[in-house]
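Below is one structure, written out as structure tokens; the observations come after it.
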Amino acid sequence: MIVKLSELLDGFDHEIVHGNTGVEITGVAYDSRKLNQGALFIAVRGFSVDGHRFVDQAVERGATALLVDREIGDVPAGVCVVRVADTRIASPVVASRYFGEPGREMDVVAITGTNGKTSVAFMLEAVLRRAGARVGVVGTAGNRIGEEPIALEKTTPTTPEAVDLQYLLRYMRDEGAVHVVLEASSMALELHRVDCCSIDVGVFTNFTQDHLDDHGTMENYKNAKLKLFKGLCRHAVINADDPVSAEIAALMPGAITTFSMGDPAADFYSSDLEVDAEGTRFTLHRSGRQYQVSLPVPGRFAAQNALATLAICQSLGHDLDEVVAALADLPPTPGRFESYRTPAGVPVIVDYAHSPDALDNVLSTIRDFTRGRVITVFGCGGDRDATKRAPMGEIAGRYSDFCVLTSDNPRSEDPEKILDDIVPGISPTGTSFERISDRREAIRVALSTAREGDTVLVAGKGSENYQIIGSRTIHFEDMETVRELAAELVGQR
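Right under this line is the structure:
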């Protein structure tokens, strides 16, 4: 694809520092190692690396234009240099234009919230695919269209950088996608990654403590989430049970659909909630009609995610009876209340719960249907918000009969220091616990301790397939480890 630089910048405030914007652009890149001859290099300031340091390398590799937001050194005569106020704001504008504004050609649903983004995304994808649609997904569990993963180096935990995201949208549309389900993280919203995506439906799941290491305060974190509803989406689907929903309603210029776990004032609300080990059932109320909803996933949080999915689907024009039928046959979401029964008959749940609210939701559900002991394996991430460590310890102790405190991506921190921070929360509960920083060994102890009637929860990593220890990233997947250790323990009993 070849586009003149002037077309990419049309209407966007900029200053031509060097050269001519009539130059033809053959690609857009923010990584100097990944650009092609004739590309535009966008110098983006990161948290640890400033892209302006690599403009010389970009030129050496064939860049014919540079987009910057500060002064740089001299460049060869044939290279155009354009300066803008903020390359992060310019990046999605330029990238979306280069790729032909692909979001306009599909229904784009963007989901934000502390918890539930991935679960709602999987749930929505399953329902839309059952209706016969080709669906693209962008999020924590990777990027794919249908069953096919899209080869793209993962540079962010959830939402890709703006250039990568626009590339994905174009690829998905060219491969026949009519819907795209996008997880919009708070950092992606803060850093303008999801600007210019032509979002049809913006979804708000909930707001609780997390990511204070990124945002500093809960107010900053909330304001980042709210950006989705300040003109980025045409229709909002919001959780009326969360106090932040009132702020969204005041900001949102377009249509709003609300859902609630029991408030008749909401557009979609539930009653008669039943939860057991086999799943969740409730009555949906919508426009004077009632629907009996059944989910193969246990938990109040599962019902809340289903309400969001139902509201999204109707906003996209889908029949609710068909959506309800599809929800009854949902496939499991990897790493989200993912269950496995050991050869000894002990149910093991692997879940991504890594915030106080998420851990509370998962453990309260497990406690309700477990007749024996609840055994919990968990830790807290290193170089992340340390203020949630003691609260998570208290929550684990409140619901569990035995806990194993362990590592969960300690990164540059001492794993034992992280466990030290958890202990003041769990100790006052009186729950018995062990400290085992080796996560594999911690899971082994939990499984070997469990007996018939008990339930084991392995929390924090979900479907992640790595563990970050110091500067090393090693392969580690909780469910894979659970299966391996459960098989080993069979021969030892």
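Quick note: the sequence shown, position 220, residue 219 per numbering that gives the first Met the number 0, numbers continuous.
Positions of the beta carbon are idealized from the N, C-alpha and C atoms, including for glycine.
(1) Report all residues from its chain with a CB closer than 6 Å to the CB of residue 410; omit the five preceding and five following residues, and keep chain order.
(2) Provide the residue span of the beta strand (DSSP E) that contains residue 396, from first to last.
(3) What residue from 349, 392, 446 has the CA that sits closest to residue 372's CA?
(4) Consult DSSP for residue 304 and reduce its assignment to one of helix, strand or coil.
(5) As an exercise, report each continuous alpha helix (DSSP H) stretch of at least 4 residues that is fully enclosed by the region 312-360, in chain order.
(6) Using the beta-carbon count (16 or more within 10 Å), is residue 267 buried or exposed?
(7) Return the first residue and the last residue of the alpha helix (DSSP H) that residue 117 is part of.
(8) Pop quiz: residue 192 and residue 159 are said to be a contact at Cβ under 8 Å. What is the actual Cβ separation, rounded to whole angstroms?
(9) Can you tell me which residues form a DSSP beta bridge with residue 28?
(10) Name the two residues that bound the continuous alpha helix (DSSP H) containing residue 168.
(11) Of the residues 491, 252, 1, which one's Cα is nearest the Cα of residue 99?
(12) Would you list, in sequence order, the uninterrupted alpha helix (DSSP H) runs of no fewer than 4 residues that lie entirely inside the region 174-248?
(13) Run the CB neighbour count on residue 551, radius 10 Å, all protein chains shown included, and call it buried at 16 or more, exposed below.
(14) Give the range of the alpha helix (DSSP H) segment to which residue 444 is assigned.
(15) List the residues that DSSP assigns as beta-bridge partners of residue 79.
(16) Mapping DSSP to helix, strand and coil, what is residue 401?
(17) Give the DSSP-derived three-state secondary structure of residue 494 in the structure shown.
(18) Whole angstroms are fine: how far does the CA of residue 287 sit from the CA of residue 305?
(19) Considering just the uninterrupted stretch of the beta strand (DSSP E) at residue 254, what are its terminal residues?
(20) Classify residue 410 as helix, strand or coil using the three-state DSSP reduction.
(21) Run through DSSP, which three-state label would residue 147 get?
(22) So, for residue 321: in the same chain, excluding its five sequence neighbours on each side, which residues have a beta-carbon less than 7 Å away from its beta-carbon?
(23) Considering Cα atoms alone, identify which of 481, 279, 397 is closest to residue 298.
(24) Within its chain, find whatever has a CB closer than 8 Å to the CB of residue 282; leave out the 5 residues flanking it on each side and keep chain order.
(25) Roughly how far, in whole angstroms, is the beta-carbon of residue 38 from the beta-carbon of residue 20, given that I think they are within contact range, below 8 Å?
(26) Let me check one thing: in DSSP terms, what residues is residue 465 bridge-paired to?
(27) How is the beta strand (DSSP E) around residue 14 delimited, first residue to last?
(28) With burial defined as no fewer than 16 other Cβ atoms inside 10 Å of the residue's Cβ, what is the status of residue 327: buried or exposed?
(29) Less than 8 Å between the CB atoms is what I'm expecting for residue 82 and residue 14, so what's the real figure, rounded?
(30) How many Å lie between residue 9 and residue 205 at the Cα?
(31) By how many angstroms is the C-alpha of residue 185 removed from the C-alpha of residue 112?
(32) List the whole-angstrom C-beta distance separating residue 226 from residue 181, where the pair is believed to meet the contact cut-off of C-beta under 8 Å.
(33) Any heavy atom of the ligand ATP closer than 8 Å to the beta-carbon of residue 455?
(34) Would you decide whether residue 46 is buried or exposed? Buried here means 16 or more other CB atoms lie within 10 Å of its CB.
(35) Where does residue 375 sit, in a helix, a strand or coil, going by DSSP?
Looking at the atomic coordinates:
(1) 381, 382, 467
(2) Careful: residue 396 lies outside any beta strand (DSSP E), inside the alpha helix (DSSP H) at 388-398.
(3) 446
(4) helix
(5) 319-326
(6) buried
(7) 116-129
(8) 7 Å
(9) 40
(10) 161-173
(11) 1
(12) 185-189, 211-214, 217-225
(13) Past the boundaries of the shown model lies residue 551; the chain is included only from 0 to 492, so the question cannot be answered.
(14) 438-448
(15) 64
(16) strand
(17) In the structure as shown, the chain starts at 0 and stops at 492, and residue 494 therefore has no counterpart that could be examined.
(18) 19 Å
(19) 254-259
(20) strand
(21) strand
(22) 130
(23) 279
(24) 269, 270, 271, 289, 290, 291, 292
(25) In fact, because the Cβ distance is near 15 Å, the residues do not count as touching under 8 Å.
(26) 474
(27) 14-17
(28) exposed
(29) 5 Å
(30) 38 Å
(31) 8 Å
(32) So it is not a contact: roughly 14 Å between Cβ atoms.
(33) This structure simply doesn't include the ligand ATP, nor any ligand for that matter.
(34) exposed
(35) strand
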